[in-house]
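There are 2 protein chains.
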Amino acid sequence: MQLTRSADYAVRVVIHLAVLPPGSRATRETLAGLAEVPPEFLGKVLQVLTKAGLIISHRGSQGGFELALPPASLTMLDVVTAVEGPIRLNLCLATGEPCKRSWWCGAHEVWKAAQQAMTQVLQDATIEELAKQSIAKLEAGRLSQIDGGDAAWN
Amino acid sequence: MQLTRSADYAVRVVIHLAVLPPGSRATRETLAGLAEVPPEFLGKVLQVLTKAGLIISHRGSQGGFELALPPASLTMLDVVTAVEGPIRLNLCLATGEPCKRSWWCGAHEVWKAAQQAMTQVLQDATIEELAKQSIAKLEAGRLSQIDGGDAAWN
Numbered sequence: 002m003q004l005t006r007s008a009d010y011a012v013r014v015v016i017h018l019a020v021l022p023p024g025s026r027a028t029r030e031t032l033a034g035l036a037e038v039p040p041e042f043l044g045k046v047l048q049v050l051t052k053a054g055l056i057i058s059h060r061g062s063q064g065g066f067e068l069a070l071p072p073a074s075l076t077m078l079d080v081v082t083a084v085e086g087p088i089r090l091n092l093c094l095a096t097g098e099p100c101k102r103s104w105w106c107g108a109h110e111v112w113k114a115a116q117q118a119m120t121q122v123l124q125d126a127t128i129e130e131l132a133k134q135s136i137a138k139l140e141a142g143r144l145s146q147i148d149g150g151d152a153a154w155n
Numbered sequence: 002m003q004l005t006r007s008a009d010y011a012v013r014v015v016i017h018l019a020v021l022p023p024g025s026r027a028t029r030e031t032l033a034g035l036a037e038v039p040p041e042f043l044g045k046v047l048q049v050l051t052k053a054g055l056i057i058s059h060r061g062s063q064g065g066f067e068l069a070l071p072p073a074s075l076t077m078l079d080v081v082t083a084v085e086g087p088i089r090l091n092l093c094l095a096t097g098e099p100c101k102r103s104w105w106c107g108a109h110e111v112w113k114a115a116q117q118a119m120t121q122v123l124q125d126a127t128i129e130e131l132a133k134q135s136i137a138k139l140e141a142g143r144l145s146q147i148d149g150g151d152a153a154w155n
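Protein chains in written order, with this note's numbering: chain A, 2 to 155; chain B, 2 to 155.
The structure is reproduced here in structure tokens:
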């Protein structure tokens, strides 16, 4: 069981857009480099995020991508579900209805609790917080370079 | 992101084996019926569980399957990882080493925490506890039938 590469890429792209000053835009090429997403995947990821209403695509010479929402109101769970759809850890949770085997099987409640525990962590992680961490880390790396150190870039 | 059908089936099979009196065995046909696992999948699931050392396969006229370990020492996580391998929610957790993007990306720690929260729930769920629930539910269903009720079977 693993998230798709697209979900992984989408989270990195959204964090990078949140690092930008409000109102600024990033081109596809910039995002591919910054978020370390292979260009052949990035187009699809940006398309999905745009369609889900998480980012806005601007055309033209001043075009590029920007977040559609304040990063404080976006969570990792929003990004993951935009790409993968609702998280359903096991098949018996897929319908949202009580499992037809609940008359003998107690596993349903455990799957449900495990899914809830996981999604809660993703929901608690706002993109704003992750962007703040990135800014601090990038700044620390920059200072480390100025100081002649290179530990942060290893 | 979803567990495979095999993991879902494996959990049901193991719960049913744990419901049996210690030392008794269930045939493949019995398990297919009780655990509601399609026969075309069951062979593979039983093979994987046997290879992982969770169940024992006995041949011959008195043959069948039984748990290799006391159900109190088996958890849902054991069964899931026997079938799916170690749970790695995101690619960046796959190696077990620090993510090479940790110098700018805070998502790694969130993925890790989400995975930990989920696996903890699965680890806390012993097969013994789930089997006890099944026995109680099956008993309640039987009594409900004797009383002329049918609520438990709906």
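Backbone N, C-alpha and C fix where the C-beta goes; we use that ideal spot for every residue, glycine too.
Nearest CA to the CA of B/Ile128: which residue from B/Cys93, B/Leu94, B/Ser74?
B/Ser74
Member of B/Ala132, B/Ile56, B/Ala33, B/Arg29 whose CA lies at the smallest distance from the CA of B/Val84:
B/Ile56
If I measure Cβ to Cβ from A/Met119 and keep anything under 8 Å in the same chain, skipping five residues before and after, which residues do I get?
Ile88, Leu90
Contact set between the segment 27-38 of chain B and chain A, restricted to residues whose Cβ is under 7 Å from the partner
Glu37
On a Cα-Cα basis, can you pick out the residue from A/Ala53, A/Gln48, A/Thr76, A/Leu78 that is closest to A/Gly65?
A/Gln48
Where does B/Ser74 fall in DSSP's three states?
helix
Starting from B/Leu47, trace the alpha helix (DSSP H) both ways and give me its first and last residue.
40-52
Should the segment 127-143 of chain A be regarded as contacting the segment 105-122 of chain B, the criterion being three or more beta carbon pairs within less than 8 Å?
yes
Sequence-distant residues of its chain with Cβ nearer than 8 Å to B/Gly24 (five each side left out)
Glu67
List the residues of chain B whose Cβ lies closer than 8 Å to the Cβ of A/Val12, in chain order.
Ala108
For B/Val122, would you say it is in contact with chain A, using Cβ-to-Cβ distances shorter than 8 Å as the test?
yes
Give me the residue from A/Pro99, A/Thr82, A/Ser103 with the minimum Cα distance to B/Ala141.
A/Ser103
From the DSSP secondary-structure annotation, give me the bridge partner or partners of A/Ala27.
A/Phe66
Along the segment 123-137 of chain B, where does the CB come closer than 7 Å to a CB of chain A? Name the residues.
Leu123, Ala126, Leu131, Gln134, Ser135
Nearest-angstrom Cα distance between A/Trp154 and A/Val80?
Here A/Trp154 scores only 37 on pLDDT, less than 50, and its place in the model should not be relied on; the value that follows carries that caveat. Taking the straight line joining both Cα atoms gives about 27 Å.
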